[in-house]
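Visitor: Residue 70 in this note's numbering sits at position 70 of the sequence shown, and the numbers go up by one each step. We put the beta carbon where it would ideally sit given N, CA and C, even for glycine.
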Amino acid sequence: MTTLAVLALVVAVVALVVAAVAVLRLRAVQRNVEVLWGGSDPHDVTTVLRGEHDRITALDHRVTALGGRVDAVGDHVAAGLRHVSVVRYDAFGDMGGRLSFSAAILDDSGDGLVISSIHARGESRTYAKGVIDGRSEITLSPEERQALAAARKDSRNA
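1) Using a threshold of 8 Å, state whether the C-beta atoms of S102 and V87 are closer than that.
2) Tell me the DSSP secondary structure of A19 in three-state form.
3) Measure from the alpha carbon of S117 to the alpha carbon of each residue in D111, T126 and G110, then state which is nearest.
4) Assess contact between the segment 62–75 and the segment 93–113, defined as three or more Cβ pairs (one per stretch) separated by less than 8 Å. Is contact present?
5) Buried or exposed for V114, please, with buried defined as at least 16 other CB atoms from any protein chain shown within 10 angstroms of its CB.
6) With DSSP collapsed to three states, give me the class of T126.
7) Compute the distance between the beta-carbons of L148 and A79, then report whether it is under 8 Å.
8) Along the chain, where does the alpha helix (DSSP H) that runs through R50 open and close?
9) Given this structure, state the Cα-to-Cα distance separating T64 from T46, to the nearest angstrom.
10) For A151, collect the residues of the same chain with a Cβ closer than 8 Å to its Cβ; drop the 5 residues on either side in sequence, then sort them by chain order.
11) Hey, out of D108, L81 and A120, whose CA is closest to G93's CA?
12) Which class does L140 belong to by DSSP, given the choice of helix, strand or coil?
13) If we call anything under 8 Å between Cβ atoms a contact, is K129 one with L140?
14) Have a look at A20 and L26 and give me their C-alpha separation to the nearest angstrom.
15) Take the Cβ of A91 as the centre, count every other Cβ of all protein chains shown within 10 Å, and call the residue buried at 16 or more, exposed below.
16) Taking its Cβ as the centre, do 16 or more other Cβ atoms sit within 10 Å of V35, making it buried, or is it exposed?
17) For L106, which of helix, strand or coil comes out of DSSP?
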């Protein structure tokens, strides 16, 4: 009989230890659930799911709005004069230092201008010629054509 009583006592102690461990693990799981569900009622799954759905919907609207803004910025960037090429040269044989230059400044569609500055001993002259779709109505010098071609090449590589 004493052996049976000792055995029953051991089983009871083991059951008590198992129950204590189970309670501690349950509390840890409950804390994790509260953190995961943001402190809302852990028994109301519908509320949690509705809240997550609303949050995802709001994020979707924000991403859509940001996509529209990115598209608008892309249009502004394409219209910006960002393709530049400069050709330096000696306009006159008796002058050195390549002080004259032609610069082409274009947007992505090839619109912009070519600016040339011709430096001579006593004076310097500056000219600007409009460019539409990579062409100018005014005849371009070889240096201006070279600058324009380099800027157009840059716009095609962008």
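Guide: Well, looking at it:
1) yes
2) Here A19 sits in helix by DSSP.
3) Nearest option by C-alpha distance: T126.
4) no
5) buried
6) strand
7) no
8) V45 to A79
9) Roughly 27 Å between the two C-alpha positions.
10) H83, V84, S85, A104, I105, L106 and G112
11) Among D108, L81 and A120, the Cα nearest to that of G93 belongs to A120.
12) Residue state, collapsed to three classes: coil.
13) Yes; because the gap between Cβ atoms is below 8 Å, this pair is in contact.
14) 10 Å
15) With a threshold of 16 other beta carbon atoms within 10 Å, A91 meets it and is buried.
16) exposed
17) strand
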